[in-house]
Amino acid sequence: MLAINDSNPLYKSGDREIDSCESLVNNCPYGMYRTDFDGYFSSVNPAYAKLFGLETPEEFFEYIQSQNCQLYTDLDLRRDIYNKLRKEDHLSHIVYQIFKVDGTTQWVSENCVTVRDRYGSIIAFEGYVEPLAKPSYTEQINLVPEVRFRAIFDQIENIAVQGYDQRRRVIYWNNASTQLYGYSQEEAMGSLLEELIIPNHLRDETINAHKRWLNFNQPIPSGEITLKNKEGSSIPVYSSHVMLVNCNGEHEMYCIDVELTEIKKVERALRIAKDHAERASQAKTAFLSTMTHELRTPLNAIIGFSEVMEQKLFGDLGHPRYQEYVNDIHRSGSHLLGVINDILDLSMIEAGELNLIPTNVNIRSAIAHSIQIAQRKAISTGISLQTNVPKDFPSIKIDERSIKQIFLNLLSNAIKFTGSQGIVNITAHYSDDDGFLIEIEDNGIGMSVSEIEVALRPFAQVDNTLERKYEGTGLGLPLSRSLTVINGGTLKLLSKPGIGTNAILHFPAEKAVMEEKS
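Per our numbering, residue 6 is the first one in the sequence shown, and the count goes up by one each step.
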């Protein structure tokens, strides 16, 4: 390109041919420029100055020397253009934005070349620029040039990115791909995809999938796949694929791979741990079932024979102490059988094997049943049992054994932790909006928030010292809560030390069974 600045000796020549070329350049509608190796302007034509809102080349050179001058909206992009020119010698249809002197922006398209001396060394860059009303989609593709694209992905760790041309030969290979597959960039470039990282049994499938994408626009789906590295070892990855069109109208496929080796190790460890846990749970359930069966049989015999002796069905026992022993045997056997049943129930709930049989249960009757069983203990300690359940209280669709066991456990707990002459009050409410609300409230020793958390854990004891005052296995509350939950309800404990505890059962209104009115 001819120089147009006064500093260039060609501009001062009187040669007619040069004058003719000068006139041609000055009257060209396209902006034309020349820079040195570092990108500093040496000459521009009037059309180039007008792109920036200036009238003459002289105004342009004066403007670029000012401190506030900024010609390009993206300085990195301009630097990338020069870096790429040093490698490729010419670029076409580079689209970007420039700043005018009034602060507005203008889209332009540029074609540029490298100028070399006779020894092949770069001495200048030349180009011509034309204004654009709005860049087309194809032109916008060039807004992020390949140089920047590669610079970004070369620095990303753990995400392997490879580019392949239409023949599946490697045209791009980032550093993460080297780390993942073991091939250096020099080894990978130009190699075929199917000969590099594709296992033999996937070779034909991969080639066909790529051809279908090129010929029939059927993209390769993203997903997990096992590839191979340089050593031939299997590499599990999650692979995604993108097809682009380069400036020559050729298709390029880019693959983005994320290694799954560590994730697969974790998954395998979790799967093994889950299998072990399930087997342990099954073994525990089987053991408890067997143990319960083995213990239940002799316990039932002990309890049955002690009842016969306690009721003196075959006459007096003789010495009065025998009667006391019989009572102890019966009470201890019944307690042990209850503990075994609780353990089995809790383990079956955890294993999801507890069989529920929902039936229509009368709440008043279920509460009365629990009171009848617990009444002896209440009378012996002078505790008053009070109930407030409306006569027309609706029945509930629930497992009868579960609801009776819940009531009995909560009632027994309330009596156990309420002092002599205390009060245990059972109330029940129902509404179509709130459902069933059943409360078992006592004025016993109460618990703090942290103690409630302990009490709701299986086998945990709020007082776990050897000298603890209250006996028990710590299964009553956890079992009651588990039974409540699997029957579709909730159990909440409200308590304050020295004031008492309120166990609140809630079941949704949809469980209500309303009697039809005649």
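Where is the CB? At the ideal position from N, CA and C, for every residue including glycine.
Neighbour-count burial assignment, Met-519, 16 or more Cβ in a 10 Å radius: Within the sequence shown, the letter at position 514 stands for residue 519. By the neighbour-count rule (16 or more Cβ atoms within 10 Å), Met-519 is not buried but exposed.
Top-ranked residue by Cα proximity to Gln-391, from Ile-420, Asp-404, Gln-111, His-511: Reading the sequence shown from its first residue, position 386 is the one you call residue 391. Here the closest residue by C-alpha is Ile-420.
Length of the line joining the Cα atoms of Arg-172 and Ala-193: For the purposes of this step, residue 172 is taken as the residue at position 167 of the sequence shown. For the purposes of this step, residue 193 is taken as the residue at position 188 of the sequence shown. Going by the C-alpha atoms only, they are around 14 Å apart.
Best match in Ser-389, Lys-396, Asn-367 for proximity to Ile-403 [C-alpha to C-alpha]: Here residue 403 is taken as the residue at index 398 of the sequence shown, counted from 1. Of the listed residues, the one whose Cα sits closest to Ile-403 is Asn-367.
Proximity test, Lys-501 beta-carbon vs the ligand SAM heavy atom, cut-off 7 Å: Questions concerning the ligand SAM fall outside what the structure shown contains, since it holds no ligand whatsoever.
Contained beta strand (DSSP E) runs [length at least 3] in the region 74-153, N- to C-terminal order: 95-104, 110-121, 127-137
Contact the region 25-38 vs the region 46-66: 3+ CB pairs below 8 Å: yes
Three-pair Cβ contact test at 8 Å for the region 271-286 versus the region 175-188: no
Nearest-angstrom Cα separation, counted from Gly-503 out to Glu-472: Along the sequence shown, read from residue 1 onward, the residue named residue 472 stands at position 467. Along the sequence shown, read from residue 1 onward, the residue named residue 503 stands at position 498. Reliability of the predicted coordinates at Glu-472 is poor, the pLDDT of 39 falling under 50, and the value obtained from them is presented with this limitation in mind. Spanning the two alpha carbons is a distance of roughly 20 Å.
Burial state of Leu-80 (16 or more Cβ within 10 Å): Taking the sequence shown and counting its residues from 1, one reaches residue 80 at position 75. Under this definition Leu-80 is an exposed residue.
Range of the contiguous alpha helix (DSSP H) that encloses Ser-389: Taking the sequence shown and counting its residues from 1, the one referred to as residue 389 is at position 384. Careful: Ser-389 lies outside any alpha helix (DSSP H), inside the beta strand (DSSP E) at 389-393.
For Asp-94 and Arg-121, the rounded distance between their alpha carbons: In the sequence shown, the residue the question calls residue 121 occupies position 116. In the sequence shown, the residue the question calls residue 94 occupies position 89. Straight-line Cα distance between these residues: approximately 9 Å.
CA-to-CA distance, Glu-60 to Ser-71, given in whole angstroms: By 1-based counting over the sequence shown, the position of residue 71 is 66. By 1-based counting over the sequence shown, the position of residue 60 is 55. About 17 Å.
Bridge partner(s) assigned by DSSP for Ser-245: Walking along the sequence shown from the start, residue 245 turns up at place 240. Its beta-bridge partners are Ile-261.
Residue from Val-113, Ala-373, Ser-453, Thr-364 whose Cα sits closest to the Cα of Lys-396: Walking along the sequence shown from the start, residue 396 turns up at place 391. Answer by Cα proximity: Ala-373.
Which of helix, strand or coil DSSP assigns to Ile-431: Translated into positions along the sequence shown, residue 431 becomes position 426. Strand, per DSSP.
Euclidean distance between Cα positions of Leu-219 and Val-175: For the purposes of this step, residue 219 is taken as the residue at position 214 of the sequence shown. For the purposes of this step, residue 175 is taken as the residue at position 170 of the sequence shown. Cα to Cα, Leu-219 sits roughly 16 Å from Val-175.
Three-state class that DSSP yields for Ser-485 in the structure shown: To locate residue 485, count along the sequence shown from 1; it is residue 480. Helix, per DSSP.
Between the CA atoms of Asn-507 and Glu-446 - distance to the nearest angstrom: By one-based count along the sequence shown, residue 446 stands at place 441. By one-based count along the sequence shown, residue 507 stands at place 502. Approximately 4 Å, taken between the alpha carbons.
As assigned by DSSP and simplified to three states, the class of Asp-280: In the sequence shown, residue 280 corresponds to position 275, counting from 1. Of the three classes helix, strand and coil, the one that applies to Asp-280 here is helix, per DSSP.
C-beta contact flag for Val-106 and Tyr-68 at 8 Å: Your numbering for residue 106 matches position 101 in the sequence shown. Your numbering for residue 68 matches position 63 in the sequence shown. Result yes, Cβ atoms of Val-106 and Tyr-68 sit closer than 8 Å.
Neighbourhood of Phe-158 by C-beta, 7 Å cutoff - its chain only, sequence neighbours within 5 removed: Along the sequence shown, read from residue 1 onward, the residue named residue 158 stands at position 153. These residues qualify, in order along the chain: Val-166, Asn-179.
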